[in-house]
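Worksheet for the structure shown next.
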Amino acid sequence: MLKAVLLDISGVLTEDGEALPGAVEAVARLEASGLVLRFLTNTSRKTSAAVCEELERLGFAVTPAQVFTAPGAIRRHLERHRLTPYLLIHEHLEPEFAGLPEGEPSAVVLGDAEQRFDYAHLDTAFRLLLAGAPLLAVGTNRYFRADGTLHLDAGPFVRALEYAADIEARILGKPSGDFFHAVLDAAGVKPNEALMVGDDVECDVLAAMAIGLAACLVRSGKYRPGDEERAPEARCEASLEALVEALLETP
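Position 165 (the sequence shown) corresponds to 210 in my numbering; numbering is contiguous.
Listed below in structure tokens is the structure:
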């Protein structure tokens, strides 16, 4: 029995800072149906608080406890293991890690650092990894969609550092099963009681299905024709609005 719906944010609910057509109403209908909702994102250009504030501004009824971000998961990991981070992140994300210990870094944190992905920063990270620091990454997303086009995400830089230092990153956002399990635990549901809705066939759909969730790929955001062929067991809908219409239609 379906008890919870996990919603990727960018590409499912929003695009370029605006709500996608019908998304606000679709979320309201899901909420009214009694389903537990959680909002997920790997974005590493905004703090968790900023993500929640933007959703509220666009008309979505959300609470901070419903929003799960990859940077937030990394912050909790750093605190739990008492690690001092070397932050290779976007400047807008710096407040997410305020108040953590300073000094000699004992972990490398990698997000979508944009212009900070230069030789000096990457080489510093590389040398820390050679010295034994773990690589903590938001995700392995290859690209994201903004301003109508696709742009490089953090994933290619994760792979570059893994290759150079001959190590394996610890992924704390999607597609990590640990990330999905943390969301499910907080929602109080089991994997077979939840549906993941996303526009990324790898990090949203296949990753969720790998740990037992049902999944739906929406043909919006970063979706590209043919993506559904990589996840034939997943549902595929034109949009969140279309999915909700199908889920809540009267038998």
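All C-beta atoms, glycine included, are put in the ideal place defined by N, C-alpha and C.
Predicted, not measured: the structure shown is a model, and the values here were computed from it.
Endpoints, beta strand (DSSP E) assigned at residue i
i	result
G243	A239 to G243
L195	T194 to L197
Start-to-end residues for the alpha helix (DSSP H) that takes in residue i
i	result
G272	The displayed chain sequence assigns Asp, not Gly, to residue 272. That residue, D272, is in no alpha helix (DSSP H); it is neither H nor E in DSSP.
P236	Per DSSP, P236 belongs to no alpha helix (DSSP H) and is neither H nor E.
D168	Y164 to L175
V69	A68 to A77
P116	A115 to H126
A297	Look at the range of the chain in this structure, 46 to 296, and you will see that residue 297 is not part of it.
R83	First-last for R83: V81 to T86, but that is the beta strand (DSSP E), not the alpha helix (DSSP H).
L206	G200 to A210
When the options are compared against residue i, the one with the closest alpha-carbon
i	options	result
L65	V289, S284 and A291	S284
H108	E98, T114 and G117	A small fix is needed here, since residue 108 is Thr in this sequence, not His. The option with the nearest alpha carbon to T108 is E98.
H135	A77, H166, G243 and R127	H166
R204	G177, A152 and F171	F171
C261	E238, E207 and L288	L288
K219	H126, F142, A199 and G62	A199
E290	R161, A73 and E63	A73
L52	K91, L258 and Y188	L258
Whole-angstrom C-beta distance between residue j and residue i, which should lie under 8 angstroms
i	j	result
V183	G156	5 angstroms
L217	H137	So it is not a contact: roughly 19 angstroms between Cβ atoms.
I119	F84	I119 to F84, Cβ: 18 angstroms. No contact.
A115	T129	A115 to T129, Cβ: 20 angstroms. No contact.
L47	E238	7 angstroms
Residue(s) in a DSSP beta bridge with residue i
i	result
C281	L262
V228	Answer is none; V228 lacks a bridge partner.
S55	T59
I216	A182
A191	T194
A255	None; A255 has no bridge partner.
If you pair each beta-carbon of the segment 224-242 with each one of the segment 187-195, do three or more pairs fall below 8 angstroms?
-> no
Would you check if there are 3 or more beta carbon pairs closer than 8 angstroms linking the segment 264-279 to the segment 249-256?
-> yes
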